[in-house]
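Residue numbers (the UniProt record's numbering): 1 to 151. Note that CB positions come from ideal geometry on N, CA and C, so glycine has one too. For clarity, every value in this text was computed on a predicted model and none was experimentally measured. A quick write-up on the structure given underneath.
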């Protein structure tokens, strides 16, 4: 399945730390960082589940797809083109019966903007942590975020 409007990222980092109540500044020596990795984005946006669903949905027609791939029309010979046409006609109904199922459209719609939503949730948590730090004067651990000490 093609990547539907999803651009993959390696990691996003957002710095947080402890606020000095006297100056209102972030204390650099106590700086912590929460990371959002590519794996976390894939999980939060549902890409992992979509990949598994796609594999499960294509399993019944996998032999047809392999047969189609083997009979590629990349060759310029008439024999290769005729073979490709005959295989395409033989597998057409089975393949398109699966591809025209509405579940593919629902999956595409779910994935549309999923990475953006995952990033938005990450930064919303970061903003909440910043507000909490200003309020409490210290960093609050957020579920799913691992603080890393910087040198």
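Beta-carbon gap between residue i and residue j smaller than 9 Å
i	j	result
residue 58	residue 91	no
residue 53	residue 107	yes
residue 119	residue 36	yes
residue 86	residue 71	yes
Residue i, buried or exposed, once every other Cβ within 10 Å from all chains shown has been counted against 16
i	result
residue 62	exposed
residue 123	exposed
residue 78	exposed
residue 126	buried
residue 45	buried
residue 152	Residue 152 lies beyond the range of the chain shown here (1 to 151); nothing can be said about it.
residue 22	exposed
residue 109	exposed
residue 50	buried
residue 111	buried
Three-state secondary structure (DSSP) of residue i
i	result
residue 91	helix
residue 105	helix
residue 22	coil
residue 112	coil
residue 100	coil
Legend entry - In chain order, each alpha helix (DSSP H) run of at least 4 residues that lies wholly inside the stretch 44 to 81: 47 to 58, 62 to 70
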